[in-house]
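Let me begin by presenting the structure, written as structure tokens, before commenting on it.
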Amino acid sequence: MVQDLGQAEAMRLGLTRLGLRVVCLDCAARDRALADSLSEAGPVLVVVDTALADAYAGVMGRLDAYPTLWWNGPGADYASLDLALAEQA
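Numbering (this note's numbering), first residue to last: 162 to 250.
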């Protein structure tokens, strides 16, 4: 869930090159609709812009299992997604 389409495309490209399957979610979806999308996709990792924290908060209590969550953007607990990926390697 990334607002900047250029950044979203760069993430998608990089993650698919690593062999991961990327599913883009509708950032306008909220609450039950977003939870349903997440349930159908079955992600193990979700990347969410800090600006969309309220939208993601709407899925709390609506999923059986929650994927790992990486925050992206101002206020995230790491400088960039690149640093987070390096920590996972």
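Here a beta-carbon is modelled for each residue, glycine too, at the ideal position from N, C-alpha and C.
* Asp215 to Gly222 span [Cα, whole Å] -> On the sequence shown, residue 215 is found 54 positions in, with the first residue counted as 1. On the sequence shown, residue 222 is found 61 positions in, with the first residue counted as 1. Spanning the alpha carbons of Asp215 and Gly222 requires a straight line of approximately 14 Å.
* Asked: How far does the beta strand (DSSP E) with Asp210 in it reach, from first residue to last?
  -> For the purposes of this step, residue 210 is taken as the residue at position 49 of the sequence shown. Per DSSP, Asp210 belongs to the beta strand (DSSP E) from Leu206 to Asp210.
* To do: Grab me the residues of Ala169's own chain with a C-beta within less than 6 Å of its C-beta, minus the 5 sequence neighbours each way, in chain order.
  => Working through the sequence shown from its first residue, we reach residue 169 at position 8. For Ala169, the CB contacts under 6 Å within the same chain, skipping 5 residues up- and downstream, are Val163 in chain order.
* To do: Alpha carbon to alpha carbon, how far is Pro204 from Gly175? Give it in angstroms, no decimals.
  => Translated into the one-based positions of the sequence shown, residue 175 becomes position 14. Translated into the one-based positions of the sequence shown, residue 204 becomes position 43. Spanning the two alpha carbons is a distance of roughly 17 Å.
* Grouping DSSP H, G and I as helix and E and B as strand, with all else coil, what is Leu230? -> Residue 230 sits at position 69 when you count from the first residue of the sequence shown. Looking at Leu230 - three-state DSSP - the assignment turns out to be strand.
* **Bounding residues of the alpha helix (DSSP H) (the contiguous stretch that carries Gly167)** => For the purposes of this step, residue 167 is taken as the residue at position 6 of the sequence shown. Its alpha helix (DSSP H) spans residues Leu166 to Arg178.
* To do: Return no unless some Cβ of chain D is closer than 9 Å to the Cβ of Ala212.
  => Protein chains in the displayed structure number just one, and chain D is not present.
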